[in-house]
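Novice: Below is one structure. I have some questions about it.
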Amino acid sequence: MLFDPFDFIIVGAGLSGGVVARELAETGKKVLIIERRNHIAGNMFDYHDERGFLVQKYGPHTFHTKDESLYEYMKKYGEWEPYKLKCGASWGGKYSPTPFNFQTIDTFYPEKEAKILKSELLSEFPNREFVTVVELLEAKSSNVRNYASFLFKEDYAPYTSKQWGVSPETIDVSILKRVPVRLSYKEGYFDDPYEVMPKDSFTTFFENLLNHPNIEVRLGTDALELLTLGTDRFLFDGKEIKQHVVYTGALDTLFEYCYGELPYRSLKFEWFYEDIESKQPVAVLAYPQEKGFTRVTEYKKLPYQNIRGTVYAVEYPLAASYKNKLEPYYPVLTAESRALYEEYSKLFAKFKNVSKCGRLADFRYYNMDQTLANALSLVKRLKDTL
Ligand code: FAD
Numbered sequence: 118m119l120f121d122p123f124d125f126i127i128v129g130a131g132l133s134g135g136v137v138a139r140e141l142a143e144t145g146k147k148v149l150i151i152e153r154r155n156h157i158a159g160n161m162f163d164y165h166d167e168r169g170f171l172v173q174k175y176g177p178h179t180f181h182t183k184d185e186s187l188y189e190y191m192k193k194y195g196e197w198e199p200y201k202l203k204c205g206a207s208w209g210g211k212y213s214p215t216p217f218n219f220q221t222i223d224t225f226y227p228e229k230e231a232k233i234l235k236s237e238l239l240s241e242f243p244n245r246e247f248v249t250v251v252e253l254l255e256a257k258s259s260n261v262r263n264y265a266s267f268l269f270k271e272d273y274a275p276y277t278s279k280q281w282g283v284s285p286e287t288i289d290v291s292i293l294k295r296v297p298v299r300l301s302y303k304e305g306y307f308d309d310p311y312e313v314m315p316k317d318s319f320t321t322f323f324e325n326l327l328n329h330p331n332i333e334v335r336l337g338t339d340a341l342e343l344l345t346l347g348t349d350r351f352l353f354d355g356k357e358i359k360q361h362v363v364y365t366g367a368l369d370t371l372f373e374y375c376y377g378e379l380p381y382r383s384l385k386f387e388w389f390y391e392d393i394e395s396k397q398p399v400a401v402l403a404y405p406q407e408k409g410f411t412r413v414t415e416y417k418k419l420p421y422q423n424i425r426g427t428v429y430a431v432e433y434p435l436a437a438s439y440k441n442k443l444e445p446y447y448p449v450l451t452a453e454s455r456a457l458y459e460e461y462s463k464l465f466a467k468f469k470n471v472s473k474c475g476r477l478a479d480f481r482y483y484n485m486d487q488t489l490a491n492a493l494s495l496v497k498r499l500k501d502t503l
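For the sequence shown, my numbering assigns the number 118 to the initial residue and increments by one for each residue that follows.
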């Protein structure tokens, strides 16, 4: 039978599935990965387009972490180069770096007011590189509070409303609890000690990760067309399989939406090439007030590529839909959706020969370092039972 040579079946060739597969293969286990898409690397998939630009099919990714051991893990399967992601926002014909910093104030305020505002910020929040917008909204100084309201009204509210498909009036400032504003002229999106891009590509990293005699990858195959669910086990051809399954897909799909669809936002990209040196000042530029789209990623700058012209993708958020083949990207986390996920999770827990792992199966937004850490901790649990 198809699965006989294997000890484990992994559904999904993204970072979660790839790492679990490699770690199990290293212990001598034979692993089959089944991937629905026609490529490995999940949402981290990148490729060279017809002009030679390295572009990322599912949106801009950089690897960043505070955890040295996770970076060391990534280094085992790829070469990496330091890369500081720079982002910005543009509205009313003006540009500011994001997270907003003192340059934002200089750009949007007259000189005298800008000077007062910067000095009030520094005296109210001494020795702080970052504050949150919510802190600014609760500041003693009315100038500081007005600055926060300005950012909220012009940028965060309209951007968030497009991102999540809700009206700007319904956006509560509490969602900005963790959104940082810089109290200096410093730029850069993350302050993690390890922030890198692959020297070759993310896909090359995956090729190395999966290059092991104990791993076989089957692309373009929906695992759920091969495997079915019995009462408490996965079945193939109506018979129980002896292999353990690691499932990195979505739980609602697995259970045929028996409780309803888990809500996700999806993204559509429109791709452009222009014969110009540069499209925008930074790799990722947000347009909070433009209709429909949220941001533009210029891949020539992610990482910098010395090729004639430039290529960029305009990003349109919209509701995910299995029917319309709109991939799930960002889980819409509400009390209701969490409760729905819990129902699926309880159902999943009844199954004996399967574990779940990854951003889809956990219905969480994970950065790559969190995805990696979760995959490694699942491997540890699986190894304990071997
Ligand atoms: P995925 O990459 O989604 O892999 C799951 C795989 O399972 C998919 O390939 C899917 O096709 C397959 N699959 C599902 N169901 C089935 C089935 N039934 N049969 C067969 N195959 C199946 N993180 C960062 O650290 N830095 C960033 O800059 C960053 N940018 C991001 C930008 C965007 C737009 C998005 C959406 C995410 C970003 N992330 C970033 C997060 C990062 O993409 C994830 O952490 C990581 O890709 C998750 O890996 P995964 O394996 O869990 O999921």
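We put the CB at the ideal spot given by N, CA and C, even for glycine.
Which of the three DSSP states is assigned to residue 403 in this structure?
Specialist: Residue state, collapsed to three classes: strand.
Novice: DSSP three-state call for residue 430: helix, strand or coil?
Specialist: Strand.
Novice: Which residue marks the beginning of the beta strand (DSSP E) containing residue 278, and which one marks its end?
Specialist: Careful: residue 278 lies outside any beta strand (DSSP E), inside the alpha helix (DSSP H) at 274-281.
Novice: As a quick exercise: from 436, 421, 454, pick the residue whose alpha carbon is nearest that of residue 429.
Specialist: The candidate whose alpha carbon is nearest that of residue 429 is 421.
Novice: Do you know whose CA, among 341, 342, 344, 323, lies nearest residue 334's CA?
Specialist: For residue 334, the nearest C-alpha among the options comes from 323.
Novice: State the Cα-Cα distance for the pair residue 216 and residue 167, rounded to the nearest angstrom.
Specialist: Taking the straight line joining both Cα atoms gives about 34 Å.
Novice: What separation, rounded to the nearest whole angstrom, lies between the Cα atoms of residue 254 and residue 274?
Specialist: Rounded to whole angstroms, residue 254 to residue 274 spans 14 Å at the Cα level.
Novice: Tell me, which residues are paired with residue 247 by DSSP?
Specialist: Residue 247 pairs with 299.
Novice: Go through its chain and collect everything with a Cβ distance to residue 151's Cβ below 6 Å, but skip five positions before and after it.
Specialist: Taken in chain order, the residues that qualify are 128, 335, 338, 340.
Novice: Going by DSSP, what residue range makes up the beta strand (DSSP E) through residue 206?
Specialist: Segment 204-208, the beta strand (DSSP E) holding residue 206.
Novice: Here's a check: name, in chain order, each residue in its chain whose Cβ is nearer than 6 Å to the Cβ of residue 231, leaving out the five neighbours to either side.
Specialist: Contacts found: 222, 223.
Novice: Could you please give the first and the last residue of the uninterrupted alpha helix (DSSP H) stretch that includes residue 453?
Specialist: Element bounds for residue 453: 452-466.
Novice: Can you find a heavy atom of the ligand FAD that lies under 7 Å from the Cβ of residue 496?
Specialist: Residue 496 Cβ: outside cutoff for every heavy atom of the ligand FAD.
Novice: Can residue 437 be considered in contact with the ligand FAD, in the sense that its beta carbon sits closer than 7 Å to one or more heavy atoms?
Specialist: Not under cutoff, so the answer is no.
Novice: Give me the Cα-Cα distance between residue 320 and residue 475, rounded to the nearest whole angstrom.
Specialist: In a straight line, the C-alpha of residue 320 is about 18 Å away from that of residue 475.
Novice: Between the stretch 165-179 and the stretch 142-149, are three or more C-beta pairs nearer than 8 Å?
Specialist: They do not touch, by the three-pair rule.
Novice: Using 8 Å as the Cβ pair cut-off and three pairs as the minimum, do the stretch 380-399 and the stretch 441-449 touch?
Specialist: Yes: the two stretches touch, three or more of their Cβ pairs being nearer than 8 Å.
Novice: Give the secondary structure of residue 424 by DSSP, where H, G and I count as helix, E and B as strand, and everything else as coil.
Specialist: If DSSP states are grouped into helix, strand and coil, residue 424 belongs with coil.
Novice: By a C-beta neighbour count over all protein chains shown, 10 Å radius and 16 as the cutoff for buried, is residue 453 buried or exposed?
Specialist: Residue 453 should be labelled exposed.
Novice: Taking residue 191 as part of the beta strand (DSSP E), name the residues at either end of that continuous run.
Specialist: No beta strand (DSSP E) holds residue 191; the alpha helix (DSSP H) holding it covers 185-193.
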